[in-house]
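Novice: Have a look at this one.
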Amino acid sequence: MTAKHNMRTAAEVLVDQLIVNGVRHAFCVPGESYLAVLDAFHDRNLAITVCRQEGGAAIMAEAVGKATGRPGICFVTRGPGATNASCGIHIAHQDSSPMIMFVGQVARRMRGREAFQELDYRAVFGSMTKWATEIDDPARVPEIVSRAFHMAANGRPGPVVVALPEDMLTERVAIADAPPYQPVETAPGRDDMDEFATLLAKSERPMFLIGGSRWSEAGCAAMARFAERFAVPVATTFRRGHLFNALHPNYAGDLGIGPNPKLTARVKGADLVVLIGGRLSEMQSQGYTLIDIPSPQMTFVHVHPGVEELGRVYRPHLAINATPAAFAIATAALDPPANPRWRGTAEAAHDEYLAYSEKPTDVPGGVNLGAILVWLRDNLRDDAMMCNGAGNFAAWVHRYYRFRKFATQFAPTAGSMGYGVPAAIGIKRLYPDRTVVAISGDGDFLMNGQEFATAVQFGAAVLVIVADNGLYGTIRMHQEREYPGRISATQLRNPDFAAYARTFGGFGVTVEKTADFPAAFRAAETSGQPAIIHLKIDPEAITPTQTLARIRETALARRHDG
Ligand SMILES: Cc1ncc(C[n+]2csc(CCOP(=O)(O)OP(=O)(O)O)c2C)c(N)n1
Ligand SMILES: [Mg+2]
2 MTAKHNMRTA
12 AEVLVDQLIV
22 NGVRHAFCVP
32 GESYLAVLDA
42 FHDRNLAITV
52 CRQEGGAAIM
62 AEAVGKATGR
72 PGICFVTRGP
82 GATNASCGIH
92 IAHQDSSPMI
102 MFVGQVARRM
112 RGREAFQELD
122 YRAVFGSMTK
132 WATEIDDPAR
142 VPEIVSRAFH
152 MAANGRPGPV
162 VVALPEDMLT
172 ERVAIADAPP
182 YQPVETAPGR
192 DDMDEFATLL
202 AKSERPMFLI
212 GGSRWSEAGC
222 AAMARFAERF
232 AVPVATTFRR
242 GHLFNALHPN
252 YAGDLGIGPN
262 PKLTARVKGA
272 DLVVLIGGRL
282 SEMQSQGYTL
292 IDIPSPQMTF
302 VHVHPGVEEL
312 GRVYRPHLAI
322 NATPAAFAIA
332 TAALDPPANP
342 RWRGTAEAAH
352 DEYLAYSEKP
362 TDVPGGVNLG
372 AILVWLRDNL
382 RDDAMMCNGA
392 GNFAAWVHRY
402 YRFRKFATQF
412 APTAGSMGYG
422 VPAAIGIKRL
432 YPDRTVVAIS
442 GDGDFLMNGQ
452 EFATAVQFGA
462 AVLVIVADNG
472 LYGTIRMHQE
482 REYPGRISAT
492 QLRNPDFAAY
502 ARTFGGFGVT
512 VEKTADFPAA
522 FRAAETSGQP
532 AIIHLKIDPE
542 AITPTQTLAR
552 IRETALARRH
562 DG
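Under the working numbering, the residue at position 156 of the sequence shown is numbered 157, and the numbers go up by one with no gaps.
Right under this line is the structure:
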């Protein structure tokens, strides 16, 4: 709409501004604090997914940001709505995902009295957003929403919170929409690329690590071509496996939690590490042990879209402020050396990766999660989307699933439990024809399992696999290692998750033997409904290579020795 259809409410201006920016989906839990926005939704072309808890709505918006590179949108009510949603904000922050959360606020004349559900959003969200603000003047809605899009999506992406005083939303105003935001693709300069080529040519054992956000299909394809032409090994960092085809001959594996020890050895032994897009944070750097801080022991090149990230932890020999996609595309102009000294290392690294991820280890119990992941990787299409939250079950996803296509992995580098189910629903709303699978732990699932109702309500036929070991397994594992035999607050008594699915109106099935999984999965798919496949996992099968009993014994033996 333009100024000639004047005197829209600020809420209408706001929703129109979203539409101008290409938004087609928004996720919300309603609240009386933003009734005028709900009313503006009524006759506008925006698909609204009504959720059961704001944490779910925020994660759905974050997952949309991850999938598209454009800000995902959620609306929540003041106070408790905003604090419930904060998990999604924190994930968007740590995962560098663009999202905008709009939140209700008390009327302007009441502010500062601690009115009903009042929060100071700038203070509450200040340290976990790129920007937290409040709109006081309806005439500034287009300006502030436009800025929110630019801030959320450009540089290092992240979350923006915009608070909306209730009385501001109902004011009428004659104001034109702002044009849509412009994605800014920072590209490397020629000097950057020359210097990079020089450092690479001098190297004997280069290693490329890719991660972060601001990749694209074209950027990933360019990265693969570069790896082939230069014969270099490329590893993906924690939960960014989808950036490089795992079956590509230059793929060196996944540098995350519990990585292939041969991969970490390769990184440590490299004389040149090129980190493209990521931050090499605690998980990726194995507790900041891989690369010396602040002065890396090897030549270190860091390419990042956020200039503030360059030199933040590692002082790089060469810092390049560019989006990873633009950097990868710019490598097309470089010529590989005639006879690189590192020839053969990429093949060797790939063989090590294949050997590590090929065959599931034996684990106690009737259901082997590794074998299930192998079945999924052999049977799902390349474009199937895999979502998971946090817990030991995820170790099998990272080790055995082979991502082959950009934007098929949705998992929080922020390590937030409860991510998989809402992420899957958010994604499925955008891509109804794609297979979308969520893999959850029993603890993980019930942190946002209520959103299964949202899936049923909107016909989002996600396939949820619940790996039920009756434990907050990760914590139990740490407990056995640090306080052997002293079990405290880590056991769970669970519902029948298949029955849970059915009471919500979806499809549910229980699997007690690995061999029954394929039929159960196919039945879930053919049901056409949101589905839960409940896997009964032996609690002893705590990692692909360790049992709880062995961790406890080792810890006790260490104590006796000590
Ligand atoms: C929101 C949130 N709360 C708590 C934790 C700490 N935490 C990490 S893993 C874990 C247990 C996960 O249990 P489950 O989902 O059952 O997976 P399992 O480890 O048993 O495979 C906990 C409590 C977390 N990462 N995120
Ligand atoms: Mg568990």
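For each residue, glycine too, the CB sits at the ideal point set by N, CA and C.
1) Say the cut is 7 Å; is the CB of Tyr122 nearer than that to a heavy atom of ligand 2?
2) Residue range of the alpha helix (DSSP H) that Leu557 falls in?
3) So, with DSSP's three-state summary, where would you put Val398?
4) Taking a contact to mean a Cβ-Cβ separation below 8 Å, would you say Asp193 touches Ile321 in this structure?
5) Between Ala271 and the rest of its own chain, which residues show a CB-CB distance below 7 Å, the 5 nearest in sequence each way excluded?
6) Can you determine whether any heavy atom of ligand 2 sits closer than 7 Å to the C-beta of Gly474, and answer yes or no?
7) Return the residue from the list Lys406, Pro184 and Leu120 that minimises the CA-CA distance to Ala149.
8) Would you check whether ligand 2 has a heavy atom nearer than 7 Å to the C-beta of Asp272?
9) For ligand 2, is there a heavy atom less than 7 Å away from the beta-carbon of Asp539?
10) Where Thr134 and Arg123 are concerned, what is the direct C-alpha to C-alpha distance, given to the nearest angstrom?
11) Have a look at Ala456, Met418, Gln492 and Gln106 and flag the residue whose alpha-carbon is nearest the alpha-carbon of Leu431.
12) Quick one: measure Cβ to Cβ for His399 and Asp469, integer angstroms, because I've assumed they're closer than 8 Å.
13) Nearest-angstrom Cα distance between Thr362 and Asn261?
14) Any idea if Ile74 is buried or exposed, counting beta-carbon neighbours within 10 angstroms, 16 or more meaning buried?
15) Hey, would you say the C-beta of Asp1 is under 7 Å away from at least one heavy atom of ligand 2?
16) What do you reckon, are the CB atoms on Phe411 and Lys131 nearer than 8 Å?
17) Relative to the C-alpha of Ser217, which candidate in Glu186, Val163 and Asp562 has its C-alpha closest?
18) Does DSSP put Gln95 in a helix, in a strand, or in coil?
19) Pick helix, strand or coil for Gly509, following the three-state DSSP scheme.
20) Since Asp596 is in the alpha helix (DSSP H), which residue starts that stretch and which ends it?
21) Using the three-state DSSP reduction, which class does Ile136 fall into: helix, strand or coil?
22) State the Cα-Cα distance for the pair Asn449 and Ile136, rounded to the nearest angstrom.
23) Would Ala236 pass as a contact of Leu264 if the rule is Cβ separation under 8 Å?
24) With three or more beta-carbon pairs closer than 8 Å as the criterion, would you say the stretch 22 to 32 touches the stretch 45 to 55?
25) Over what stretch of residues does the alpha helix (DSSP H) that includes Gln480 continue unbroken?
26) Taking the straight line between their C-alpha atoms, what separation do you get for Val274 and Met129?
27) Tell me, please, which residues DSSP counts as bridged to Asn322.
28) Using a Cβ distance threshold of 8 Å, determine whether the stretch 540 to 548 contacts the stretch 474 to 488, with at least three qualifying pairs required.
29) Quick one: is the Cβ of Gly392 within less than 7 Å of any heavy atom of ligand 2?
30) Please report how far the alpha carbon of Pro81 lies from the alpha carbon of Arg109, in whole angstroms.
31) Alpha carbon to alpha carbon, how far is Phe518 from Gly509? Give it in angstroms, no decimals.
32) Report the three-state DSSP secondary structure of Leu200 (helix, strand or coil).
33) Can you tell me the Cβ-Cβ gap for Asn389 and Asp443, rounded? I've got them flagged as a contact below 8 Å.
34) Using the Cβ count rule (16 or more neighbours within 10 Å means buried), how would you classify Ile145?
35) For Thr544, does the three-state DSSP call read helix, strand or coil?
36) Leaving out five residues before and five after Phe404 in sequence, what residues of the same chain have Cβ atoms less than 7 Å from its Cβ?
Specialist: This is what the structure gives:
1) Checking every heavy atom of ligand 2 against the Cβ of Tyr122, none is found closer than 7 Å.
2) Leu549 to Asp562
3) Three-state DSSP puts Val398 in a helix.
4) yes
5) A distance below 7 Å between beta-carbons, with the five flanking residues on each side excluded, links Ala271 to the following residues of its chain, in chain order: Arg206, Pro207, Met208 and Met299.
6) yes
7) Pro184
8) no
9) no
10) 6 Å
11) Ala456
12) Contact flag wrong, Cβ pair sits at about 20 Å.
13) 14 Å
14) buried
15) The structure shown has nothing for residue 1, since the chain only spans 2 to 563.
16) no
17) Glu186
18) Note: Gln95 maps to helix in three-state DSSP.
19) strand
20) Any question about residue 596 goes unanswered here, given that the chain covers just 2 to 563.
21) coil
22) 31 Å
23) yes
24) yes
25) Membership of Gln480 in the alpha helix (DSSP H) is indicated by the continuous run Gly474 to Glu483.
26) 29 Å
27) The partner list for Asn322 (beta bridge, DSSP) reads His305.
28) yes
29) yes
30) Going from the Cα of Pro81 to the Cα of Arg109 covers about 19 Å.
31) 13 Å
32) DSSP places Leu200 in the helix class (H, G or I) of the three-state scheme.
33) Cβ-Cβ separation between Asn389 and Asp443: approximately 13 Å, too far for a contact (criterion under 8 Å).
34) buried
35) coil
36) Exclusion of the five residues before and after Phe404 leaves Gly242, His243, Ala247 and Gln410 as the residues of its chain whose Cβ lies within less than 7 Å of its Cβ.
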